[in-house]
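Residue 330 in UniProt numbering is what sits at position 330 of the sequence shown, and the numbering runs on without skipping anything.
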Amino acid sequence: MPDNIVAVPEYYSLTAALTRWQQVAFAILKEMNLIMTHGYMLSGTGSNIYVQNLCRALAEMGHHIHLLCQEADPLTFDFVNGHYRVGEGSVEMLGEKAPPYPGSCSVYQPEIGDLLPVYVYDDYPGWRVKTFLDLSETEFENYVTKNVAAVRAVLKYSEATGAVTNHSVPGPEIMRQALAGTGVPYVSIVHGSCLQYVARRSKFYMQVANSGLSEATSIVALSTHSAGTIAEDFPHLEGLTIALPGGVDTSLFRPGALDPHVTETLIGGPGRGPEQTESLREVLDRFSEMGSAADLARELKAISNRYEPRRHDTDAGVRIRKLLDGDEPVILYVGKLIHSKGVHCLLSAFARVRRETYARLLVIGYGTFREGLEALIFALSTGNRRVVELLANHGRLFEGGQDSAMEHFEVTKELIDDAAGMVKDVEFVGPLYHAELARVLPAAEVGVVPSIFPETFGLVAAELAASSVPPFVADHSGLREAGGFVGRGLPFDVQVSLQGDFGDNLAQALAAYLALPAEERQRCREIVRRNSVEDLSWGSLAGRMAEIAGGKAPMDRTR
């Protein structure tokens, strides 16, 4: 082990993770009244879905949650029974419904103006978006001040006796200021993107994180990798940190949830349509002989501005149903379409295996890199090497970032030859949210989580496994850990190395799996489903979280 890596306990199942701390069975606490801060929405990203699932599970267990976030339509979620707006010292009810569970969850929207600070840039309709690193001092202070006032107002209104924060910046600092002098303790859950994209790139935000986390009674990391990152950045907080893996709703994501008729609901709407595809073809034709990367990026951005990226494509249902009704194996990606998620590496791998496996690739998600990825497929498929090289050499420029090359991607004659005609085998369909996604996932033969940037935990890998779909994951950070959970007992490793040619490594893993006999693949599907249910169900994880929030966290976190 390298000297700069902090050793932390490594658990191979949730049961082991819990029982090693104490040699007694933990008891779920009686009814609790908790404030929770999140700051964002309840779907579309890993942390949003994590918070959604955690609140639902806590409500199912009989606890009462008062969640501060910016979800615009919270009453559409089954577990939410109250919707409030929080101004300066005031709480106004906007709507309510009967709670479906023994407990309850009320959502409070703090009034913070039109500016939404984020860790990784993306467009949010109705918001003026800036990354935390781009905020002025005044903008940051205003954001914190308004949220502190909101927490204090909800604390008074709800009479909560405990608190939970999400993200390391600025949630813990907001909670520290808001709860000062009240005697109400708080637990901080650290998600990956905040530390990796913000705190580690700014001395100021590292100080903000340290200030807030230092006053927490416990810090929850979503993997042992994440716990090690916290220990590296804040050695004095290592004793407060507990590694508790992310979870999955195994009653929603299950093999029996497959329902091809869900595609009938995925028609029309404001999402991307055939007209954008035709515009893209025309743009790429023009750039086959001349035009700069910056000009191409502007053209692709203009196309993305013509549709709502957070809605499924207008013809998504038709194209998904065609895949479901076909005999070819489906390789599946679900997640954000940004450079760091490594979808371009998956496209490279797919080009190499599609002919020998007869597979099809289904890509579900949204993000600022979508048009760049769509352009890459068309350019590879038509042998437009000039455009392929523009995209590869200036990759992040096409998601609105700095001009830099795609990582783990090499343009070769072999790749161009392998990709000829590939566009007919790849379907980008926009995002699907959990109610629809769970009814599509079991149709896939295999999933891929190819992120090339550190991840706290592989939530998508857990959802795939719960749906009985073996997932291959990049072999690093929390993805390695997620792969260890869901892949236990398989006759092959689901972790794929980034060393050497990542695309080729992925291709070899996919080809080998798809070459297995059908009965062997079925056995693999049963194994990953069983592992997911045993180790990653939300009922067990929420019970542990309630115990931590209630001050029952064990002192010894290493046994």
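Where a beta carbon is used, it is the ideal one built from N, C-alpha and C, also for glycine.
All figures in this text were calculated on a predicted structure; none of them were measured in a lab.
- When the Cα atoms are used, Tyr50 and Tyr40 turn out to be separated by approximately 12 Å.
- In the displayed model, Gly268 falls within coil according to three-state DSSP, outside both helix and strand.
- By the Cβ criterion, the segment 77-87 is in contact with the segment 101-112, since at least three pairs of Cβ atoms, one from each stretch, lie closer than 8 Å.
- Within the segment 27-109, complete beta strand (DSSP E) segments of at least 3 residues are found at 33-37, 64-68, 82-86 and 91-96, given in chain order.
- In the DSSP assignment, Ala474 falls within the beta strand (DSSP E) that extends over Pro471 to Ala474.
- Annotated three-state conformation of Thr161 is coil, per DSSP.
- For Tyr333, there is no enclosing alpha helix (DSSP H); the residue is found in the beta strand (DSSP E) stretching over Val330 to Val334.
- Residue range Val446 to Val449 is occupied by the beta strand (DSSP E) that includes Gly447, with no alpha helix (DSSP H) assigned at that position.
- The count of Cβ pairs closer than 8 Å, one atom from the segment 359-370 and one from the segment 254-261, stays below three, leaving the stretches out of contact.
- Of the residues Leu133, Leu116, Glu71 and Phe132, the one whose Cα lies closest to the Cα of Ser106 is Glu71.
- Boundaries of the beta strand (DSSP E) around Lys130: Arg128 to Thr131.
- Between Leu376 and Leu347, the beta carbon gap of about 6 Å places them in contact (Cβ cut-off 8 Å).
- For Ile112, no beta strand (DSSP E) segment is defined, and its DSSP state is neither H nor E.
- Annotation: the continuous alpha helix (DSSP H) that includes Val318 extends over Ala316 to Asp325.
- The Cβ neighbour count for Pro471, taken over all protein chains shown within 10 Å, is at least 16; the residue is labelled buried.
- Going by C-alpha positions, Gly269 is about 35 Å away from Thr165.
- Considered as a whole, the segment 165-230 harbours 171-179, 192-197 and 203-214 as its complete alpha helix (DSSP H) runs of no fewer than 4 residues, in chain order.
- The Cβ neighbour count for Met61, taken over all protein chains shown within 10 Å, is at least 16; the residue is labelled buried.
- Taking C-beta atoms as the reference points, Leu240 and Ile219 count as a pair closer than 8 Å.
- Assignment of beta-bridge partners to Ser537 by DSSP yields Val248.
- A direct Cα-Cα distance of roughly 7 Å separates Arg480 from Ala474.
- For Ala349, the enclosing alpha helix (DSSP H) begins and ends at Val343 to Thr357.
- By the C-beta density criterion, Gln52 is buried, having at least 16 other C-beta atoms within 10 angstroms.
- A distance of 8 Å or more separates the beta carbons of Val448 and Tyr358.
- Around the C-beta of Thr382, 16 or more other C-beta atoms lie within 10 Å, and the residue is accordingly described as buried.
- Annotation for Ala507: the continuous alpha helix (DSSP H) segment containing it runs Phe502 to Leu514.
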